[in-house]
Every structure is written in structure tokens, then in C-alpha cells.
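Visitor: Got a structure here, written out as C-alpha cells. Questions coming.
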Amino acid sequence: MTTALLTDIVSGMFLAIGSFFLVVGALGLIRMPDVFTRMHATSVSDTVGAGFLILGMIVQAGFTLVTVKLLFILAIFFFTGPLATHALARGALAVGLRPVLFDRAGRRRIKELELIKEFGVVEPQAGPAEPPKKPSSGKKSPSKSKSAKKSPGKGKGGSSSKR
């Protein structure tokens, strides 16, 4: 076996494995029930599939300047892919989308969710939590009068003159 034939076989295997992961991710995009499981299926398989494709290209190109460029592309892709998926998932939560829940038999748990909503259990909302408010004791807190407030142009070291 020559090195050219071995290089073609190894790079072909990497390219085939990468293509397999990309096809599985595309099937997951079609088959999954909601946006969160679709994003999970596609993001994981796309990152791994693109990694194998780029590795196949690196093996085929040999160790040249092209290899360095492909390694930079691979590193950027490995960082930006999961970050983009995380941002999309946070955006979906902010809009109000919720994941579909299943029981062990694979049935959707819609009835349980309706019962939970009926009996007053509140689902967590997306967004930052607000601190609990202090109960008022009836006493008014001392407040500054209007004349005691600082005007925007005056402060330490500032020289403002009235005209």
C-alpha cells in the first residue's frame, strides 16, 4: 500500500463518518417533537459531523498552510456552534416555548400538565427572578425633598455656573 492510497482511505472514512452524523442530525430535525429536542439533535450531530468532515479534509490536504486554516475553522466552529444553540434555546424560552414532556412509555404528559395548571402549581417563567418584596410596616420612610436632590450638571469637581 502506498501512502497516497492510505491517505485517501483514511480521509474517505472521516468524510463518510462526518456525512453520517450530518444525515442523522437532519433526520433528528424532522423526527423530534419540539424545538428543544430538535436543536439538541442537530447541534450535537452538526458539531461532530463538521469536525469529522474537517478532519477528513486535513488528512487529504496533508500538513500545509491549508491544514492550519482548517484547524482554525474547526476551533471556531467548535466554539460558536454550542454558543449559537444555547442562544437559540434561551430565545425560545424567553418567547414562552416549553419542552414537551414524555413518560417512560413514550406518551406525552399533557394531562398531567393540565392537572398541574388546574391546581395552581406555577411553571417557572423565563427571565431573571425578582427578589421578594419587603412587607410595608405602615411607617413612611424618610425621603429627600426636591431641593435636596442633585441636579445633573453639578457634582464633585464640576464647575457649573448659572446663566
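Heads up: the sequence shown at position 26 corresponds to 26 in the UniProt record's numbering, and the numbers run straight through without jumps. A virtual CB, placed ideally from N, CA and C, is assigned to each residue, including glycine. Keep in mind the model is a prediction, meaning the values are calculated, not measured.
#1: Have a look at 15, 74, 30 and flag the residue whose alpha-carbon is nearest the alpha-carbon of residue 53.
#2: Look at the alpha carbon of residue 38 and the alpha carbon of residue 29, and state the distance between them as a whole number of angstroms.
#3: Among 40, 94, 76, 58, which one has its Cα closest to the Cα of residue 85?
#4: Given residue 9, which residues of its chain have a CB within under 7 Å of its CB, disregarding the five upstream and five downstream residues?
#5: Relative to the alpha-carbon of residue 55, which residue among 35, 78, 34 has its alpha-carbon at the smallest distance?
#6: Between the Cα of residue 22 and the Cα atoms of 2, 46, 59, 32, which residue gives the shortest distance?
Guide: Straight from the coordinates:
#1: 15
#2: Answer to the nearest angstrom: the Cα atoms are 5 Å apart.
#3: 40
#4: none
#5: 78
#6: When each option's Cα is compared against that of residue 22, the closest is 46.
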